[in-house]
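One structure is given below, encoded as structure tokens.
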Amino acid sequence: MEDSYHITGYAEHFGTWVSLILLTFMTVFISVFGADLNTLTVATALFIASVKALVVAYYFMHLKYDPKIYRIMILIVMSMFVIFLIMLIFDYLTR
Amino acid sequence: MNASNFVEGVDLSLYVILGISVFFLIAITFVMIYFLFKYRKKNNPVATNIPHNTLLEIVWTVIPTILVLIMFWYGWIGYKPMLTAPSDAMEIEAVGQMWKWTFKYPDGKVSDSLVIPIDKPVKLNLKSIDVLHSLYIPAFRIKRDVVPGQDFMMWFTGQKLGTYDIFCAEYCGQLHSYMLSSCTVVSEDDYNNWLTSGPNLSNEHPGLTLLKTNACLSCHSRDGSRIIGPSFKGLIGRQEVIIRDGNREEIIVDEEYIAGKIKNPNTSEVETYQAGLMASYGDILSDDDIKNIIDYISTL
Amino acid sequence: MEHSFSLPNSGHNYDAKASKLGMWLFLYTELLLFGGLFMVYMVYRALNPDAFLIASFNLNVWLGTINTVVLLTSSMTVAMSITAIQKGNSKLSLILLALTVAAAVIFLVIKYFEWGAKIEHGFWPGMDHFTNLPFGEQLYFYLYFFMTGLHGLHVVVGMVFILIVMKKIKNGSQNKNKNQLLENSGLYWHLVDLIWIYLFPLFYLIH
Amino acid sequence: MTGTSASQPSYLDVTKGLFSWIFTLDHKRIGLLYLYTVGSFFLVGVILGVIMRLELFNPGADIIEAQTYNQVFTLHGVIMVFLFIIPSIPAVFGNFFLPIMLGTDDVAFPRINLMSWWLYVIGAIFALGTLIFGDGPADTGWTFYAPYSVKTGTNVSMTVLAAFVLGFSSILTGLNFIVTIHRLRAPGMGFNDMPLFSWALYATSWIQLLATPIIGITLLMILAERVLGIGLFDPAIGGDPILYQHLFWIYSHPAVYIMALPAMGIVSEIIPTFSQRTIFGYKAIAYSSMGIALVGYFVWGHHMFTSGMSGPSAWIFSLLTFFVAIPTSIKVFNWLATLYKGSIDIEVPLLYALAFIFNFLIGGLTGLVVGALAADVHLHDTYFVVGHFHYVMLGGTGFAFIGGLHYWFPKMWGKMYNKAVAKLAFAIIFIGLNILYFPMLILGVMGMPRRYYDYLPEFHTLNQVSTVGSWIMVTGLIIMLVNLFIAHRKGKKAPDNPWNGITLEWQTKSPPPLYNFDKMPKLAKGGPYNYPNAKNS
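The listed protein sequences correspond, in order, to chains A, B, C and D.
Residue numbers for the first sequence follow this note's numbering, so the first one is 857 and each next one is one higher.
Residue numbers for the second sequence follow this note's numbering, so the first one is 68 and each next one is one higher.
Residue numbers for the third sequence follow this note's numbering, so the first one is 2 and each next one is one higher.
Residue numbers for the fourth sequence follow this note's numbering, so the first one is -15 and each next one is one higher.
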């Protein structure tokens, strides 16, 4: 019954943390000092946020080592949500 | 001739879909009942397992797909022309409020029913001053929500002389079903005569006219009966219990209080009445108007 | 109750996988709960881009950044505590969880001062300064309070979860072989972090 | 009759007393708790509906005032949607039969299951509490459209809170079922060996799980707007009422499939059992449930064609709406084909299932009419829509619910009802339903808007016909209830497998023992509906 499961090492967690902190400072830096990027800042901020979210989900939340079904489910849920967003904003932009 | 230019497109889509639907309803019901008797236990004691049949399944996937695409198409072509009004359309402002329609013509004429010339495109600019309404003329097959804070429009061409009902189709509170009006399609000449005939003032008190045009009388009676808000009869000098900031207060209603309530109705509420239903009329009525209204109320 | 026959797949067995799956499903509902708010945010931001930009200058980016770092760190400690208990080191696991709770408290304290400053300056709905703002900026602050408030509530709930798990580790009912409750609280805590990862740029970083 | 020596007591006899019921962890008892509560609220909803029909018998004010009428139809909507239809089939029959059909002894989280029933009760108390607290029940319609729902003085806050709590209950039920289906199927039962009712519940559960949070947060925003004066949807302070409608329908359209899919699941169980042959196109039916669930998420905009939606958006939403019709029609054709060359036993459940197909066809096909953009402009918010969704909800889901009740009644209580009376009740309900709702379709085409307390004289006759229909239908419902009640009290003992079904619930005793099975159930070879007595083609 008991399947062997993957135990993530402390070092790996620490590495994840370092990369997340780096990404945080990157996004703050771009936003506060990189004003010449103009409208791109929103896109970059959201892009970096998504990278961070992915890192948290993959390593901290263990998705990387979980059965495939978990990744498929979250992919479906998130893409559904994104389609909601697109259809909603599409209505507002075409008015 | 149809009552409006949209009747044809709407009815066509309706008939196409209803036609297909009725066919399927009858056919499926018939087959169902036929099987029920043909394969009754008595007639067919041993059933046959048929797990599936690919060809049949493809057929009854593809045929409905084609049919719904046809239905969709008729729906779309009937709807598309409603989206853009012709540039030469006559513009009228249609205002919805609890529970009254008001139509404002370009040259200043105001009416609570719609009168339009035949064969001329009319564009209604829809405004709501309180909650959602929906202007619906069944005979013209058109309907459009009237949303506060949004500038929506609808347009149509009346093609047949006559008077048609206007309903409010979006639920808007207590007297929703009484928010009726009418649309009269008249000849060009009759329309011009109607337009130039002055407002039917006669000897009506200007304050009463204002109460009528602003739908005040939907909620406040003139004969002392209780509707949604307190009655106007004997209002000035009446003792009322109001609730202001959560405190009960007894006040004597005076002119200043009434003027204040017209401008900011929801700062206090009269006990046993619902607060929050009245919109502010500060931007709609001038100080002179308010004076006229109070003058009229004092005569009741 | 006498139970002479039992089925191999029974709803009464301890099933770590079922409980993990259940937790993930619950997280989806949380994501969509905030998702609804993100939709509102997106639409109002699209309708009032300038007002949102102006209003966002009222927030302190550095406090936001510190809070981000605090939450990320707490996520790491909670992840490590799971590693610790899986390796059988309950004590270390407890210490790491205590650190997580401490981080949560720090986060809430900073949030408290941030909100306090806003309210002191009259940005709370209904206050004088607030009612004089343009509609777009009012919406920004509505959403700011609503979304960070709801997020704060989740921080509190997550904290309570972790405290309960700590108690269970202490009395040994969460251990090397049976630690799904800890893992689930960890998942919940990471979700709180995930949501903050999006709230942070959306409110603080839209210069 | 009853089976083995190592027998456990029946789930009904294990323990006695009220507390053994309301704090039970047994999925069967929770299913019955749901049945009693859901059934009671259905009756309350019916009474409210009858009051409305009486008021509409003549134009003008008859028995109640306009304000009361508005509160009655709101309460009718809230009760029927949130307290009856959404929990009806999943929470009653899903709870009772999903674990048995999968060959296990309970759902994955029995305690969460009990909690979800309690949340349901709390939500119900909130919903009915509006009768006592505040300024009376909400008068907004069950849609709570802003800004009216923000302005009105009636107790919208409490109603909204009720819907929020009920949503939570619905989420927990869905979550429980998904995990149960993933983790607790009997050894050897793959996803494609599950009964179709489980498939339908699986699809439903995903909708409950993923759509409900959005209405939850939307209603919280309405609550915040009313209580704290936070202006998110009121245009007077910068909000957008159309956004409320978007958010509301993002949940409430998929919610329609929470109501419809389990009903289709029951019909997919009943038809093969009474045809005594395998169901036609198992995979097509199973996957079309998932297809409907998926596409159903992206069609919410069709409730807003006249509410200021942009042309291109309307185009997309209308097209997607029509795509929902395709998997639905596949199901109907499959059911029809299942009757072909069957050995049909015309029993009460089958009658309900076939009537379901008929009513659902009317409901679905009229749905196509309002899905078409041009026709919707005319028919939106008229009685056509009222007729349409009552055909789907009561004619469809309601009939499947009653059909399921007659199908599983002998299993649930081990008693059999009087079949002749049940058939009579069926006929009266079916006729009454059609007299009640068909005139509404015509009224809609004539242009009578919905939620009208009073109407113009030209709508008089059809309204009277409709009201008479409501009396007929209620008569039928009473006969049905009395019949079942008598059967429950002193019905003949029912055999374990009265319909000769082969899904797993028919392999255990009637009523089932505490842990559902006394011995390992045997899965049918070649799928759950492969009847051993039938010829193979």
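All C-beta atoms in this analysis are idealised placements derived from N, C-alpha and C, irrespective of residue type, glycine included.
- Between His230 (chain D) and chain A, the shortest Cβ-Cβ separation is below 9 Å.
- Our two residues, Arg473 (chain D) and Trp397 (chain D), have alpha carbons roughly 10 Å apart in a direct line.
- For the 9 Å CB-CB criterion, Ile269 (chain D) and Ile314 (chain D) form a contact.
- Annotation for Phe299 (chain B): His287, Arg289, Ile364 and Leu367 place their beta carbon closer than 6 Å to its own, counting only its chain and skipping 5 residues before and after.
- Contact check for Tyr375 (chain D) against Asn343 (chain D) passes: the beta carbons are separated by less than 9 Å.
- For Ile234 (chain D), the C-beta contacts it makes with chain A under 7 Å involve Phe940, in order along the chain.
- Taking the Cβ atoms as the reference, Ala478 (chain D) lies roughly 6 Å from Lys399 (chain D), within the contact range of under 8 Å.
- Neighbours of Ala899 (chain A) in chain C, taken as residues whose beta carbon is under 9 Å from its own, are absent, since the nearest beta carbon is some 11 Å off.
- Out of D:Pro433, D:Ile463 and D:Lys267, the CA that lies nearest to the CA of Gly510 (chain D) is found in D:Lys267.
- The beta carbon of Ser236 (chain D) sits closer than 7 Å to the beta carbons of Ile199 from its chain, once the five residues preceding and following it are set aside; these are given in chain order.
- When only Cα atoms are considered, Gly36 (chain C) and Phe937 (chain A) end up about 7 Å apart.
- A:Leu910 is the residue among A:Val884, A:Leu878, A:Leu910 and A:Ser875 whose C-alpha sits nearest the C-alpha of Leu195 (chain C).
- Within chain D, the residues whose beta carbon sits less than 8 Å from that of Asn116 (chain B) are Arg261, Thr262, Asn514, Tyr515, Ala518, Lys519, Asn520 and Ser521, listed in sequence order.
- Put simply, the backbone Cα of Met40 (chain C) is about 6 Å away from that of Leu941 (chain A).
- DSSP, reduced to helix, strand and coil, places Pro71 (chain D) within a helical segment of the structure shown.
- In the assembly as shown, Met64 (chain D) is a buried residue. Its beta-carbon has 16 or more other beta-carbons within 10 Å.
- Interface with chain D (9 Å Cβ-Cβ cutoff): Arg208 (chain B) is included.
- DSSP lists B:Trp168 and B:Ser195 as the bridge partner or partners of Gly163 (chain B).
- Within the region 48 to 116 of chain D, not a single complete beta strand (DSSP E) segment reaches 3 residues in length.
- Boundaries cannot be given for Asn331 (chain B), as no beta strand (DSSP E) includes it and DSSP labels it neither H nor E.
- Beta-carbon to beta-carbon, Ile107 (chain C) and Val71 (chain C) are separated by about 5 Å, close enough to satisfy the 8 Å threshold.
- At a cut-off of 9 Å, the C-beta of Leu931 (chain A) has no neighbouring C-beta in chain C.
- For Arg293 (chain B), the nearest beta carbon of chain D is not closer than 9 Å to its own beta carbon.
- The C-beta distance from Gly249 (chain D) to Trp183 (chain D) rounds to 7 Å, short enough to meet the 8 Å contact threshold.
- Taking CB atoms only, Asp(-3) (chain D) has no neighbour in chain C less than 9 Å away.
- Taking a Cβ-Cβ threshold of 7 Å, the residues of chain A close to Pro296 (chain D) are Thr950, in chain order.
- No Cβ of chain C is located within less than 9 Å of the beta carbon of Met882 (chain A).
- Between Leu19 (chain D) and Ile96 (chain D), the beta carbon gap of about 19 Å keeps them out of contact (Cβ cut-off 8 Å).
- For His191 (chain C), the residues of chain A that pass the 8 Å Cβ criterion are Val912, Ala913, Phe916 and Met917, in the order they occur in the chain.
- For the region 83 to 116 of chain C, the beta-carbon criterion of a distance under 7 Å to any beta-carbon of chain A is satisfied by Thr84, Gln87 and Lys88.
- Distance from Leu425 (chain D) to Gly371 (chain D) at the Cβ level is roughly 4 Å; contact confirmed, criterion being Cβ atoms closer than 8 Å.
- Around the beta carbon of Ser353 (chain B), fewer than 16 other beta carbons lie within 10 angstroms, which makes this residue exposed.
- Cβ contact annotation for Phe289 (chain D) (same chain, cutoff 7 Å, sequence separation greater than five): Ala298, Leu357, Asp360, Val361 and His364, in chain order.
- The three-state reading of DSSP puts Ser875 (chain A) in helix, counting H, G and I together.
- Put simply, the backbone Cα of Pro273 (chain B) is about 18 Å away from that of Ser285 (chain B).
- Segment contact: the region 457 to 470 of chain D against the region 228 to 245 of chain B, fewer than three CB-CB distances shorter than 8 Å; contact not assigned.
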